[in-house]
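Enquirer: After the structure tokens below, expect a handful of questions from me.
Number of protein chains: 2
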Amino acid sequence: MVAEKIDGKEVALKVRTRIHEEVKKFQAVHKNFNPYLTIIQVGDRQDSSTYVRMKLKAAQEAGIECKIIKLPEEITEFELLTQIRHLNEDVNVDGILVQLPLPEHINEGKITSEVDANKDVDGLGPANVGELYKKGGNARFLPCTPKGVMTLLSEYNVQVSGSNAVVLGRSDIVGKPMSQLLNQANATVTSLHSRSSPEQLQFYLSKADIVVSAIGKSEFIKGDWIKEGAVVIDVGTNFISDSSRASGSRLVGDCDFKSVSEKASLLTPVPGGVGPMTVASLLDNVIIAAKANFETNFQTPKFTNP
Amino acid sequence: MVAEKIDGKEVALKVRTRIHEEVKKFQAVHKNFNPYLTIIQVGDRQDSSTYVRMKLKAAQEAGIECKIIKLPEEITEFELLTQIRHLNEDVNVDGILVQLPLPEHINEGKITSEVDANKDVDGLGPANVGELYKKGGNARFLPCTPKGVMTLLSEYNVQVSGSNAVVLGRSDIVGKPMSQLLNQANATVTSLHSRSSPEQLQFYLSKADIVVSAIGKSEFIKGDWIKEGAVVIDVGTNFISDSSRASGSRLVGDCDFKSVSEKASLLTPVPGGVGPMTVASLLDNVIIAAKANFETNFQTPKFTNP
Ligand SMILES: NC(=O)C1=CN([C@@H]2O[C@H](COP(=O)(O)OP(=O)(O)OC[C@H]3O[C@@H](n4cnc5c(N)ncnc54)[C@H](OP(=O)(O)O)[C@@H]3O)[C@@H](O)[C@H]2O)C=CC1
Ligand SMILES: NC(=O)C1=CN([C@@H]2O[C@H](COP(=O)(O)OP(=O)(O)OC[C@H]3O[C@@H](n4cnc5c(N)ncnc54)[C@H](OP(=O)(O)O)[C@@H]3O)[C@@H](O)[C@H]2O)C=CC1
């Protein structure tokens with residue numbers, strides 16, 4: 002079997018076009034509807050700068066105003082918290098995203114918990130997390146990457162209910178919410194992590210109809226671990242050195258693309274698979290936030306006293 | 002192999018004795034420390050009445066004051082919410098437990114979400130749930146049954162890290178937090194539910210070193226599905242008719258006890274396994290709540306202005 006490539010760029014474009022249409026339609030009726038996202042970047046990690054730039058560009062293309070606040074690496078936790086509180090109080094700000102990872106001296110959990118639940122477009126604060134894991138819960142913002150993966154599976158008509166699914170990785174951003182969303186969609190999910198043995202890895206992978214890998218290990222998963230016909234979603238984005246490239250490096254996923262594509266039925270490439278979907282899901286979350294904020298704070302009341 | 006019975010009563014007694022000692026020690030220093038639990042029971046389901054009575058008795062034995070508020074089946078959601086708000090505001094109330102299940106016309110999620118996060122001794126509100134699922138999260142109150150199961154595993158020196166674990170059921174009270182606690186303890190966990198097929202059930206069970214069943218299906222799991230030497234924790238409490246009993250019924254677990262005990266190395270009986278641990282964990286949560294409440298609201302400030 003040779004896997005069909007899942008075209009994340011194409012699906013993401015579809016989502017972003019839909020969002021742009023939505024914004025225009027809403028603005029036609031409500032002239033003062035201006036979705037507005039603020040991204041906070043602490044320090045200047047090169048990868049973070051790349052991601053932030055991609056988000057900015059995509060937001061602008063979709064008709065979303067986007068401001069980037071760059072803060073120095075040395076900023077204290079307290080100063081960063083204060084900054085977030087200001088944004089929480091600014092009624093014009095619809096969504097707040099703190100680009101991760103943060104410098105070591107800052108407690109990430111504390112920071113992501115500070116973002117107002119109504120502006121938490123990354124879905125990482127306790128209110129959103131709590132709702133995500135509660136049965137019949139009503140999380141307003143799903144974490145962007147898992148949300149994007151679910152959209153890909155649905156766009157490619159992958160049967161999730163009843164499947165055996167394996168998620169590699171259990172981070173708050175990707176692995177854990179991914180397992181939860183697949184479980185909610187009635188897959189039987191096994192969660193693998195760094196303390197799972199190679200034997201466990203291969204046992205569960207050999208049975209998996211759907212594999213989502215988010216571990217950040219270059220070309221780690223081999224084709225012969227995978228079940229014939231499996232759907233493989235590769236979230237990993239890893240740079241490896243490649244002297245044939247001008248930059249001296251090349252982006253690869255967690256999967257050994259060549260051997261895995263010989264066994265899988267569907268496979269996301271890296272780049273061009275999950276990455277664009279993460280950005281598209283973020284924009285979707287910003288629109289959800291902006292509409293709710295508009296209704297609460299900007300809408301002309303329907304009934305006014307004369 | 003014939004399984005050793007896990008003696009939940011004995012371990013629970015140990016926990017409760019520890020709690021009683023703690024309360025006495027703390028009271029020796031702080032005379033006005035009076036841990037106080039309020040249980041709300043809506044309607045008069047027989048099983049709920051039994052559980053509530055057990056909790057009351059255990060609390061009193063451990064030196065915890067316990068009040069039961071019985072509300073009529075027909076109470077409205079609004080009235081119940083109001084009741085909870087009163088208890089939230091009553092500084093003397095350390096812990097609030099709403100006995101589940103609630104009548105159909107009341108939204109359980111809404112009710113459990115209303116309990117003040119600092120009094121949420123069942124651990125079912127969004128703040129506690131959010132913390133439970135966040136990496137490095139700091140849930141003050143773990144849901145009682147899964148917390149009790151972890152205590153049992155630890156008391157019987159079961160090696161959780163590195164194991165294959167299977168959890169049957171994914172409810173907010175038992176299955177889902179159970180999977181999360183086992184995952185945190187570095188087991189590789191598969192979550193099974195009603196949409197898992199019999200073939201999936203048997204595949205994962207045949208590999209599982211640790212099985213926790215919380216599905217509420219009488220004697221459902223058979224010995225030949227289980228791996229030789231597995232540790233089996235049976236949370237299920239199901240009544241089946243038994244004409245040889247005066248009551249006409251008998252309590253059984255989710256496991257076919259006889260056949261499973263021939264394959265497992267350790268097995269919890271029903272009754273006398275998980276049930277007593279649920280109660281012990283509740284008392285433990287009440288003490289955590291009471292100490293925190295005492296420090297916040299009752300402790301004489303260390304430095305006072307003369
Ligand atoms: N394409 C996109 O849009 C995005 C891509 N990413 C990429 O996804 C990857 C994961 O990101 P993130 O979740 O933030 O990473 P983290 O480093 O937070 O988490 C990595 C997870 O992988 C687990 N792990 C590590 N090694 C193994 C192994 N050999 N087998 C199984 N599990 C293992 C770890 O286990 P343990 O918990 O035991 O430590 C951990 O849970 C990275 O490459 C990142 O760049 C991330 C976000 C968005
Ligand atoms: N000993 C104790 O202290 C306690 C005991 N219990 C007992 O534990 C049991 C479960 O309680 P609770 O979690 O509240 O129950 P729920 O009814 O809320 O949940 C039952 C779960 O079991 C799943 N399930 C049902 N049938 C099957 C099946 N054939 N195979 C796999 N999974 C299945 C359901 O799946 P789906 O999600 O798809 O519907 C659901 O997730 C009950 O017997 C209850 O009395 C509960 C609490 C405390």
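If you read the protein sequences in the order shown, they are chains A and B. The numbering used here applies: residue 2 is where the first sequence begins, and numbers increase by one. The numbering used here applies: residue 2 is where the second sequence begins, and numbers increase by one. Note that CB positions come from ideal geometry on N, CA and C, so glycine has one too.
1. Using a C-beta cutoff of 9 Å, does S310 of chain A count as contacting chain B?
2. Would you tell me roughly how many angstroms separate the C-alpha atoms of K264 of chain A and S260 of chain B, rounded to the nearest one?
3. For S214 of chain B, would you say it is in contact with chain A, using Cβ-to-Cβ distances shorter than 9 Å as the test?
4. Nearest by alpha-carbon distance to V175 of chain B: which of B:V130, B:S219, B:Y157 is it?
5. Could you list which residues in chain E have their beta carbon closer than 7 Å to that of A128 of chain B, in chain order?
6. Cβ closer than 8 Å: which chain A residues qualify as neighbours of D48 of chain B?
7. By the criterion of Cβ-Cβ separation under 7 Å, what are the contact partners of D173 of chain B in chain A?
8. Using only the heavy atoms of ligand 1, determine whether one of them is closer than 8 Å to the beta carbon of R46 of chain A.
9. Quick one, which residues of the segment 175-207 of chain B are near chain A if we go by CB-CB under 7 Å, in chain order?
10. Which chain A residues are close to N165 of chain B, counting only those with a beta carbon under 7 Å from its beta carbon?
11. Report the rounded CA-to-CA distance for T297 of chain B versus P178 of chain B, giving the unit in angstroms.
12. Which of helix, strand or coil does DSSP assign to A60 of chain B?
13. Nearest-angstrom Cα distance between L189 of chain B and L202 of chain A?
14. Have a look at R54 of chain A and T83 of chain A and give me their C-alpha separation to the nearest angstrom.
15. In chain B, which residues lie less than 8 Å from S155 of chain A when you measure between Cβ atoms?
16. Based on the DSSP output, what are the partners of K68 of chain B in its beta bridges?
17. Does the beta carbon of S245 of chain A sit closer than 9 Å to a beta carbon anywhere in chain B?
18. Under a Cβ-count criterion, where at least 16 other Cβ atoms within 10 Å of its own Cβ denotes burial, should M278 of chain B be classed as buried or exposed?
19. Please compile the residues from chain B whose C-beta is within a distance smaller than 8 Å of the C-beta of G110 of chain A.
20. Quick one: is the Cβ of F142 of chain A within less than 8 Å of any heavy atom of ligand 2?
21. Please list the terminal residues of the continuous beta strand (DSSP E) segment that includes T189 of chain B.
22. Say the cut is 8 Å; is the CB of F221 of chain B nearer than that to a heavy atom of ligand 2?
23. Over the uninterrupted alpha helix (DSSP H) stretch that includes D285 of chain A, give me the two end residues.
24. Give the range of the alpha helix (DSSP H) segment to which N119 of chain B is assigned.
25. Tell me where the alpha helix (DSSP H) around V30 of chain A begins and ends.
26. For a contact defined as C-beta to C-beta under 7 Å, what are the partners of S162 of chain A on chain B?
27. Going by alpha carbons, who is nearest to T39 of chain B out of B:K10, B:I288, B:F299?
28. Kindly indicate which three-state DSSP category A231 of chain B falls into: helix, strand or coil?
29. Which residues in the same chain as I222 of chain B place their Cβ atom closer than 7 Å to its Cβ, once the five residues preceding and following it in sequence are excluded?
30. Going along the chain, which residues of its own chain have a beta-carbon closer than 6 Å to the beta-carbon of H21 of chain B, five neighbours each way excluded?
31. Within 10 angstroms of its Cβ, does G230 of chain B collect 16 or more other Cβ (buried), or is it exposed?
32. When the Cα atoms are used, what is the spatial distance from P147 of chain B to L182 of chain B?
33. Determine the closest residue to T152 of chain B out of B:I107, B:L57, B:K135, B:G274, with distance taken between C-alpha atoms.
34. Say yes only if the C-beta of V43 of chain B is nearer than 8 Å to one or more non-hydrogen atoms of ligand 2, and no if none qualify.
35. Using three-state DSSP, classify E75 of chain A as helix, strand or coil.
36. Cα separation between K10 of chain A and G126 of chain A?
Expert: A quick look at the data gives this:
1. Look at the range of chain A in this structure, 2 to 307, and you will see that residue 310 of chain A is not part of it.
2. What you label residue 264 of chain A is simply residue 263 of the first sequence in a count that begins at 1. What you label residue 260 of chain B is simply residue 259 of the second sequence in a count that begins at 1. Those two C-alpha atoms are separated by around 40 Å.
3. Stepping through the second sequence from its first residue, residue 214 of chain B is reached at position 213. It does not: the Cβ of S214 of chain B has no partner Cβ on chain A nearer than 9 Å.
4. Within the second sequence, residue 175 of chain B is the residue found at index 174, counting from 1. If we check each option's Cα against that of V175 of chain B, B:V130 comes out closest.
5. No chain E appears in this structure, whose protein chains are A and B.
6. Numbered from 1 along the second sequence, position 47 holds the residue referred to as residue 48 of chain B. The contacting residues do not exist; D48 of chain B stays about 20 Å from chain A at best.
7. As a first step, residue 173 of chain B must be located in the second sequence, where it is residue number 172. Those within 7 Å of D173 of chain B in chain A are K135, K136.
8. Translated into the one-based positions of the first sequence, residue 46 of chain A becomes position 45. Because no heavy atom of ligand 1 lies under 8 Å away, the Cβ of R46 of chain A does not count as near it: no.
9. Within the segment 175-207 of chain B, the residues whose Cβ lies closer than 7 Å to any Cβ of chain A are, in chain order, K177, N184, N187, T189, V190, T191, S192, L193, R196, S197, S198, Q201, F204.
10. For this step, residue 165 of chain B is matched to residue 164 along the second sequence. Neighbours of N165 of chain B on chain A, chain order: Q201.
11. Your numbering for residue 297 of chain B matches position 296 in the second sequence. Your numbering for residue 178 of chain B matches position 177 in the second sequence. Whole-angstrom Cα-Cα distance: 28 Å.
12. Looking up residue 60 of chain B in the second sequence gives position 59. The answer is helix: DSSP assigns A60 of chain B an H, G or I state.
13. Taking the first residue of the second sequence as position 1, residue 189 of chain B is located at position 188. Taking the first residue of the first sequence as position 1, residue 202 of chain A is located at position 201. Correcting the residue identity first, residue 189 of chain B is Thr in this sequence and not Leu. Spanning the alpha carbons of T189 of chain B and L202 of chain A requires a straight line of approximately 9 Å.
14. Walking along the first sequence from the start, residue 54 of chain A turns up at place 53. Walking along the first sequence from the start, residue 83 of chain A turns up at place 82. A direct Cα-to-Cα measurement between R54 of chain A and T83 of chain A gives close to 24 Å.
15. Taking the first sequence and counting its residues from 1, the one referred to as residue 155 of chain A is at position 154. For S155 of chain A, there are no C-beta contacts with chain B under 8 Å, since the nearest C-beta of that chain is about 17 Å from it.
16. What you label residue 68 of chain B is simply residue 67 of the second sequence in a count that begins at 1. Beta-bridge pairing links K68 of chain B to B:T39.
17. On the first sequence, position 244 is the one that residue 245 of chain A refers to. It does not; no Cβ of chain B falls within 9 Å.
18. For the purposes of this step, residue 278 of chain B is identified with residue 277 of the second sequence, where counting begins at 1. Answer is buried; the Cβ neighbour count reaches 16.
19. Along the first sequence, one-based indexing puts residue 110 of chain A at 109. Neighbours of G110 of chain A in chain B, taken as residues whose beta carbon is under 8 Å from its own, are K135, K136, G137, G138 in chain order.
20. As a position in the first sequence, residue 142 of chain A is number 141, starting the count at 1. No, since every heavy atom of ligand 2 falls outside the 8 Å radius drawn around the Cβ of F142 of chain A.
21. To locate residue 189 of chain B, count along the second sequence from 1; it is residue 188. First-last of the beta strand (DSSP E) with T189 of chain B: 189-193.
22. Position 220 of the second sequence, counted from the first residue, corresponds to residue 221 of chain B. Yes, since a heavy atom of ligand 2 falls inside the 8 Å radius drawn around the Cβ of F221 of chain B.
23. In the first sequence, residue 285 of chain A corresponds to position 284, counting from 1. If you look at D285 of chain A, you'll find it in the alpha helix (DSSP H) that goes 275-294.
24. Within the second sequence, numbered from 1, the residue matching residue 119 of chain B stands at position 118. Counting along the chain, no alpha helix (DSSP H) covers N119 of chain B, and no H or E run does either.
25. To locate residue 30 of chain A, count along the first sequence from 1; it is residue 29. Residues 9-30.
26. As a working note, residue 162 of chain A is residue 161 in the first sequence. R196, listed in chain order.
27. Looking up residue 39 of chain B in the second sequence gives position 38. Among B:K10, B:I288, B:F299, the Cα nearest to that of T39 of chain B is on B:I288.
28. Taking the second sequence and counting its residues from 1, the one referred to as residue 231 of chain B is at position 230. A231 of chain B: coil per DSSP, three-state reduction.
29. Working through the second sequence from its first residue, we reach residue 222 of chain B at position 221. So the qualifying residues of the chain are S214, D255, C256, D257, V261.
30. Stepping through the second sequence from its first residue, residue 21 of chain B is reached at position 20. Contacts found: A63, G64.
31. Residue numbering aside, residue 230 of chain B sits at position 229 when the second sequence is read from its first letter. Taking all protein chains shown into account, G230 of chain B has fewer than 16 neighbouring C-beta atoms within 10 Å of its C-beta and is therefore exposed.
32. For this step, residue 147 of chain B is matched to residue 146 along the second sequence. For this step, residue 182 of chain B is matched to residue 181 along the second sequence. Between P147 of chain B and L182 of chain B, the C-alpha separation is close to 7 Å.
33. Residue 152 of chain B sits at position 151 when you count from the first residue of the second sequence. If we check each option's Cα against that of T152 of chain B, B:G274 comes out closest.
34. Counting from 1 along the second sequence, the entry for residue 43 of chain B is found at position 42. No; taking the cut-off as 8 Å, the Cβ of V43 of chain B has no heavy atom of ligand 2 nearer than that.
35. Counting from 1 along the first sequence, the entry for residue 75 of chain A is found at position 74. Look at E75 of chain A here: in three-state DSSP terms it is coil, with no helix or strand label.
36. On the first sequence, position 9 is the one that residue 10 of chain A refers to. On the first sequence, position 125 is the one that residue 126 of chain A refers to. Straight through space, the alpha carbons of G126 of chain A and K10 of chain A are spaced by roughly 28 Å.
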